[in-house]
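Working notes, beginning with the structure itself.
Protein chains: 2
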Amino acid sequence: MKTPLEIRLGIVGLGTVGQGVVELLEKHRGFFSRDLGFDFRIAAACAKEESALALVKDKGCLKTGDPLAVANHPDVDVFIELAGGEDGPKPWHEAALKSGKHVITANKALLAKHGVELFPLASKQSCFLLFEAAVGGGIPIIKSLQESLVANDIEGLACIINGTCNYILTQMARNKVSFADALAEAQRLGYAEANPSFDIDGMDSLHKVSLLASLAYGRYVDYRKLSVEGVRNISALDMQMAAELGYEVKLLGVVSETNGKILAAVYPALLERGHQLASVQGVLNAVYLKTSAAGPQLFTGAGAGRYPTASAVISDLVTLSRQMATGHPIPLNMDFFSADNAAELLSIDELETEFYLRLTTVDKPGVLSKVTGILGEAGISIRALSQKPEHDPANVPVIILTHAVKNAKVAHALRQIDALDVVSAPTRVIRFYK
Amino acid sequence: MKTPLEIRLGIVGLGTVGQGVVELLEKHRGFFSRDLGFDFRIAAACAKEESALALVKDKGCLKTGDPLAVANHPDVDVFIELAGGEDGPKPWHEAALKSGKHVITANKALLAKHGVELFPLASKQSCFLLFEAAVGGGIPIIKSLQESLVANDIEGLACIINGTCNYILTQMARNKVSFADALAEAQRLGYAEANPSFDIDGMDSLHKVSLLASLAYGRYVDYRKLSVEGVRNISALDMQMAAELGYEVKLLGVVSETNGKILAAVYPALLERGHQLASVQGVLNAVYLKTSAAGPQLFTGAGAGRYPTASAVISDLVTLSRQMATGHPIPLNMDFFSADNAAELLSIDELETEFYLRLTTVDKPGVLSKVTGILGEAGISIRALSQKPEHDPANVPVIILTHAVKNAKVAHALRQIDALDVVSAPTRVIRFYK
């Protein structure tokens with residue numbers, strides 16, 4: 009029997025995910041050593057709190073509060089960053105890569121913002137920079153895009169990639185509760201942060217979508233140039249209407265390509281109940297790919313949490329170790345993720361789809377005539393319209409479903425509609441997804 | 009820019025899948041060369057018909073009708089077997105491995121039957137033997153089990169792994185047609201063979217399930233020791249009853265572990281409509297895993313066909329090439345797939361589940377009393393019972409749903425029930441899956 013290869017790890021961040029990694033490394037130590045041929049040893053660990061460092065039992069491990077001490081540690085082969093934060097960890101990654109260490113991270117915010125510098129640096133240093141854990145938790149979507157679907161063009165992508173939002177929307181649909189109540193429940197259960205904006209306003213989804221879009225199309229997609237809408241404005245009435253129509257409301261990341269240009273965005277969407285993404289409930293994540301050879305592919309699983317994310321980190325660690333074991337590891341080519349190779353983007357104005365519009369109107373004669381007049385002039389064809397009974401005559405909901413039309417036309421019409429004196433609140437928009 | 013590494017392929021079998029591989033290699037040649045760094049050249053090809061060989065345009069390619077000429081060809085690095093057949097290709101694989109070639113195949117029948125010799129031979133020769141295309145077509149389930157889920161124990165697996173059966177059952181459910189009519193339609197569309205037994209009686213699913221079970225539990229599971237039932241006996245009435253109860257009927261491969269013993273089997277099962285596997289329709293395949301760290305995972309996609317299967321073959325080819333590029337490729341450890349390491353198996357007698365029983369009875373007084381008497385004596389508790397109106401008094405269907413009970417008890421009771429003179433045809437059994 010061959011001696012296992014020792015791989016020396018430096019871990020920064022021993023919060024939920026970091027603790028999960030330490031636990032799983034310990035739990036499967038025998039399997040990794042005997043069956044895979046790797047002894048993973050934590051040579052350096054960094055955490056804010058000393059109590060967390062006590063978790064690490066590996067002999068001779070440097071325990072520190074200084075991330076750079078780990079990144080620069082001469083006995084570390086693999087730098088694992090699980091601290092989070094979109095800017096703070098950048099110098100640690102740079103230090104690790106410059107000292108020739110491979111890097112594994114779960115930090116989507118960092119990669120979305122600074123990957124355009126970090127991936128080229130990794131490439132220059134002939135180092136791996138792996139991030140399975142950054143998108144979709146334990147779902148092997150990054151590896152599948154990087155390795156399994158190499159003989160495919162990706163023709164489209166739609167994903168449910170934020171468990172907080174999906175939990176809230178699922179609760180609203182199942183229990184007919186308001187957004188505020190569903191959010192409060194999510195916070196009580198630890199599925200939403202005390203300040204939930206990052207999740208519910210879609211930014212977390214946008215970071216992940218930009219990474220998926222970049223991988224799927226082999227060009228750098230900058231999240232700062234993409235359109236994002238969250239779930240804050242979805243009302244109980246919207247959920248009721250969706251149910252009556254036979255639809256589910258999901259916060260989707262959607263990516264497509266037209267004439268070489270990429271359209272990527274995050275927005276709430278109506279999905280017909282038979283659609284495979286419609287049955288993804290609660291905190292689950294899912295990525296749906298239209299591929300040129302392998303056909304439609306759906307990956308569903310736990311998108312966050314201690315062990316799913318730790319599972320993905322260790323998946324990357326083993327991928328990397330298998331290359332290190334050859335003595336001459338060759339990183340996956342991430343050269344496309346660079347400013348020179350930025351994708352040409354299509355604005356969401358160009359997106360053509362069917363729309364659900366919820367107007368809030370004053371109960372006066374002529375309202376519908378004014379509204380439908382504006383839609384007609386904008387070339388927007390109405391598929392269905394219903395005015396809901398409402399006790400408050402100053403806030404009467406009118407639901408309009410349109411035929412497929414470009415987003416720009418709808419935006420233009422809504423600016424006029426929302427300026428009408430008979431319209432008492434901004435019109436809410438949900439797009440359909442097919 | 010680095011010179012791409014030339015990888016020389018020998019392909020045996022230029023039918024549907026082989027042609028797909030040749031086409032995709034050609035289509036993505038630029039990407040493979042420029043972005044991945046590999047020039048794939050077909051150095052030898054074998055097909056029964058000369059017309060198929062004409063597809064291969066690679067210069068200097070040996071074109072032959074003799075598979076062994078490819079397996080033994082000195083200029084071939086990777087032997088790709090896409091001919092199929094459970095016994096015939098074995099000597100070709102052996103010759104290829106003995107001459108130090110890596111092997112890629114889509115041949116599940118061969119691996120299920122002879123993998124127990126071929127995997128140890130590959131290991132001895134330090135060669136890869138890769139088979140992503142053998143299970144689930146373009147779905148990256150083999151790679152996910154081998155690489156992505158390494159930090160997980162698999163706690164259970166259920167799969168829809170034969171597109172023919174799933175197409176037939178979907179058609180029966182949607183269009184309320186008989187099994188015979190759905191099969192005829194599947195044959196007309198090319199989804200079922202002229203002799204459909206291999207698919208509809210479950211053997212193809214069983215081959216794949218034995219491979220998945222072996223990978224998931226790290227022990228060799230011999231398909232010849234597993235229980236298999238197909239879909240031939242599912243009636244229109246069964247589908248109607250399932251629909252009324254809110255269930256879908258699927259042919260499932262099911263694997264679980266109890267006290268270190270593996271229970272693996274293929275049988276039709278009733279799945280509640282909300283279950284993620286219930287919405288897998290038509291020729292799609294799906295694999296559902298309960299994992300210890302990453303939670304529940306579902307992979308869905310095209311399970312067969314030219315391009316999905318070819319996509320999986322090329323995925324393996326790139327995985328292998330990335331190792332070859334290091335100059336010192338180290339095969340994935342498949343040592344567990346050996347006769348010394350056979351899994352202890354649990355008989356399906358030990359499976360405890362709820363049952364749907366469809367009895368065919370003669371319309372005489374006392375029938376239900378006799379039947380329920382036997383069930384009661386066997387300790388089988390009835391959850392629901394209904395006798396359906398039927399014009400033919402010699403064939404009156406009685407549907408019985410049981411509470412959870414061991415399979416052995418039901419089998420024992422049904423032997424007695426089917427021997428009753430008031431029972432005019434064998435009772436049909438569908439298990440529930442949760």
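Read top to bottom, the protein sequences are chains A and B.
Numbering follows the working numbering, in which position 217 of the first sequence is assigned residue number 225; successive positions increment by one, without gaps.
Numbering follows the working numbering, in which position 72 of the second sequence is assigned residue number 80; successive positions increment by one, without gaps.
In this text, a Cβ means the ideal position worked out from N, Cα and C, and glycines have one as well.
For a contact defined as C-beta to C-beta under 7 Å, what are the partners of residue i on chain A?
| i | result |
| --- | --- |
| K258(B) | The contacting residues do not exist; K258(B) stays about 15 Å from chain A at best. |
| S152(B) | P148 |
Anything in chain A within Cβ reach of residue i, meaning under 9 Å, just list it in chain order.
| i | result |
| --- | --- |
| L165(B) | Simply none; closest approach about 14 Å. |
Hey, out of the options, whose CA is closest to residue i's CA?
| i | options | result |
| --- | --- | --- |
| V64(B) | Y296(B), G28(B), V86(B) | G28(B) |
| A416(B) | P316(B), G387(B), R281(B), L76(B) | G387(B) |
| S389(A) | N403(A), V404(A), E362(A) | E362(A) |
| H283(B) | L105(B), K442(B), D85(B) | K442(B) |
| F345(A) | A60(A), V124(A), F136(A), N403(A) | V124(A) |
| V262(B) | S205(B), G268(B), A272(B), Q195(B) | A272(B) |
| P316(A) | G171(A), P128(A), A103(A), F87(A) | G171(A) |
| L76(A) | D429(A), S59(A), K109(A), R49(A) | K109(A) |
| D429(A) | V375(A), A392(A), G381(A), K414(A) | V375(A) |
| R439(B) | A277(B), G68(B), Y296(B) | A277(B) |
| A224(B) | E256(B), T299(B), K233(B), R240(B) | T299(B) |
| T308(B) | L197(B), S235(B), P405(B), P148(B) | P148(B) |
| A427(B) | P99(B), K378(B), L393(B), H399(B) | K378(B) |
| A55(B) | D357(B), V25(B), T369(B) | V25(B) |
| Y175(B) | S186(B), A190(B), K184(B), I242(B) | A190(B) |
| E358(B) | D47(B), P128(B), M249(B), K269(B) | K269(B) |
| R49(A) | S59(A), E57(A), L33(A) | L33(A) |
| A192(B) | L70(B), R240(B), K71(B) | R240(B) |
| D85(B) | P97(B), A53(B), S59(B) | A53(B) |
| R436(B) | F206(B), P12(B), C173(B), A244(B) | A244(B) |
| L153(A) | H399(A), N341(A), V413(A) | N341(A) |
Across which residues does DSSP place residue i in a beta bridge pair?
| i | result |
| --- | --- |
| I407(A) | R366(A), S394(A) |
| E265(B) | I270(B) |
| R182(A) | Per DSSP, none; premise fails for R182(A). |
| G309(A) | N293(A) |
| S235(A) | A273(A) |
| P304(A) | K298(A) |
| A350(B) | Y228(B) |
Below 7 Å on C-beta distance, what does residue i contact in chain B?
| i | result |
| --- | --- |
| Q284(A) | S287, T308 |
For a contact meaning CB atoms closer than 9 Å, what does residue i contact in chain B?
| i | result |
| --- | --- |
| P337(A) | T334 |
| A2(A) | Residue numbering for chain A in the displayed model covers 9 to 442; residue 2(A) lies beyond these limits and cannot be assessed. |
| E155(A) | P148, K151, E155, S323, V326, T327, R330 |
Mind listing the chain B neighbours of residue i? Cutoff is C-beta to C-beta under 8 Å, in chain order.
| i | result |
| --- | --- |
| V229(A) | Those within 8 Å of V229(A) in chain B number zero; the least Cβ separation is about 17 Å. |
In chain A, which residues lie less than 8 Å from residue i when you measure between Cβ atoms?
| i | result |
| --- | --- |
| L44(B) | V158, N341 |
| A302(B) | G145, G146, I147, G309, A310, Y315, P316, S319, A320 |
Any heavy atom of the ligand NAP inside 6 Å of the beta-carbon of residue i?
| i | result |
| --- | --- |
| D161(B) | The ligand NAP is not part of the structure shown, which contains no ligands of any sort. |
Open item on the list: I'd like to know if the segment 93–103 of chain A and the segment 117–124 of chain A are in contact, where contact means that at least 3 CB-CB pairs between them fall below 8 Å.
Closed with: yes
ask   = What residues in the segment 304–334 of chain A bring their beta carbon closer than 7 Å to a beta carbon of chain B?
value = P304, Q305, L306, F307, T308, G309, A310, Y315, P316, A318, S319, I322, S323, V326, T327, R330, Q331, A333, T334
Quick one: any contact between the segment 14–25 of chain B and the segment 284–294 of chain A, if contact means 3 or more CB pairs under 8 Å?
-> no
### Query
Is it true that the segment 138–152 of chain B meets the segment 216–236 of chain B, where meeting means three or more beta-carbon pairs spaced less than 8 Å apart?
yes
Item checked: Interfacial residues, the segment 113–146 of chain B to chain A, with Cβ spacing under 8 Å -> E140, G145, G146
Review point. What residues in the segment 20–39 of chain A have a beta carbon less than 7 Å from any beta carbon of chain B?
Key: L32, H36
*For the segment 197–221 of chain A, enumerate the residues whose C-beta is nearer than 7 Å to any C-beta of chain C, in chain order.*
Within the model displayed, chain C is absent; protein chains A and B are what it includes.
Subject >> Given 8 Å, three or more beta-carbon pairs between the segment 221–233 of chain A and the segment 346–357 of chain A >> reply: yes
* Asked: Can we say the segment 319–334 of chain B touches the segment 165–179 of chain B, given the rule of at least three CB pairs closer than 8 Å?
  -> no
Evaluate the contact criterion for the segment 320–331 of chain A versus the segment 154–161 of chain B: three or more CB pairs, one atom per stretch, below 8 Å. yes
Review point. What are the residues of the segment 157–188 of chain B that lie near chain A, defined by any Cβ-Cβ distance shorter than 9 Å?
Key: L157, V158, A159, N160, D161
| field | Inter-stretch contact at 8 Å, needing at least 3 Cβ pairs: the segment 185–204 of chain B / the segment 129–136 of chain B | value | no
(Q) Counting beta carbon pairs with one atom in the segment 363–370 of chain B and one in the segment 405–425 of chain B, are three or more of them shorter than 8 Å? (A) yes
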